[in-house]
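Trainee: This is the structure, below, for whatever I ask next.
Numbering (UniProt numbering), first residue to last: 1 to 162.
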């Protein structure tokens with residue numbers, strides 16, 4: 001049970017830190033003409049070049065039309081290109097342009113600088129311990145989601161007990 005005032009409740013702390021990091025990042029990337037949603041799209045395409053609009057929408061957890069508008073804006077800035085899929089011409093694959101790769105590198109520098117600033121009061125061992133604990137929490141939550149999905153799937157199959 002969280003304390004009455006919520007100050008030490010880990011869920012609130014994680015949410016507050018994440019919100020403050022996003023706000024600080026937004027302020028720092030504004031000078032290169034980038035919004036958070038555009039940054040997220042560029043980051044995803046950097047890690048997974050060649051995804052389709054549908055796949056990108058799923059990764060962003062937005063509707064396909066919303067992803068399409070984001071893609072259109074990034075295409076107008078010459079930060080991504082659409083290329084037809086080799087096997088299915090109805091599908092366009094998304095790739096970063098050389099301009100976007102430069103922006104991506106700058107974003108990486110900004111993010112690293114922000115993280116250093118945010119963790120300046122932590123010793124190196126504390127930083128490593130925090131990262132390890134957060135990775136374990138993330139893995140636990142992913143595992144919980146997978147179990148829940150498996151139970152839901154089993155419950156939706158006739159003759160299979162949940």
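We treat Cβ as the ideally placed atom computed from N, Cα and C, and that holds for glycine. All values reported here derive from a predicted model rather than from experimental measurement.
Is residue 179 near residue 38, with beta carbons less than 9 Å apart?
Mentor: Past the boundaries of the shown model lies residue 179; the chain is included only from 1 to 162, so the question cannot be answered.
Trainee: Given a cut-off of 9 Å, decide if residue 93 and residue 52 are closer than it, judged by their beta-carbon atoms.
Mentor: Contact: yes.
Trainee: Use the C-beta contact count for residue 71: other C-beta atoms within 10 angstroms, 16 or more gives buried, fewer gives exposed.
Mentor: Counting Cβ neighbours within 10 Å, residue 71 comes out buried, since at least 16 surround it.
Trainee: Tell me the rounded alpha-carbon separation between residue 106 and residue 77.
Mentor: So the alpha carbons of these two residues sit roughly 16 Å apart.
Trainee: Over what stretch of residues does the alpha helix (DSSP H) that includes residue 22 continue unbroken?
Mentor: Unbroken alpha helix (DSSP H) run through residue 22: 10-29.
Trainee: Considering only C-alpha positions, which residue in the set 42, 116, 57 and 28 is nearest to residue 101?
Mentor: It is 42 whose Cα lies nearest to the Cα of residue 101.
Trainee: Give the range of the alpha helix (DSSP H) segment to which residue 103 is assigned.
Mentor: 98-118 is the extent of the alpha helix (DSSP H) around residue 103.
Trainee: Just confirm the distance between the C-beta atoms of residue 45 and residue 95, as a whole number of angstroms; I'd bet it's less than 8 Å.
Mentor: Right, the Cβ-Cβ distance comes to about 7 Å (below 8 Å), so this counts as a contact.
Trainee: Helix, strand or coil for residue 80, going by three-state DSSP, please let me know.
Mentor: Note: residue 80 maps to strand in three-state DSSP.
Trainee: Under a three-way DSSP split, which group does residue 56 fall into?
Mentor: Residue 56: helix per DSSP, three-state reduction.
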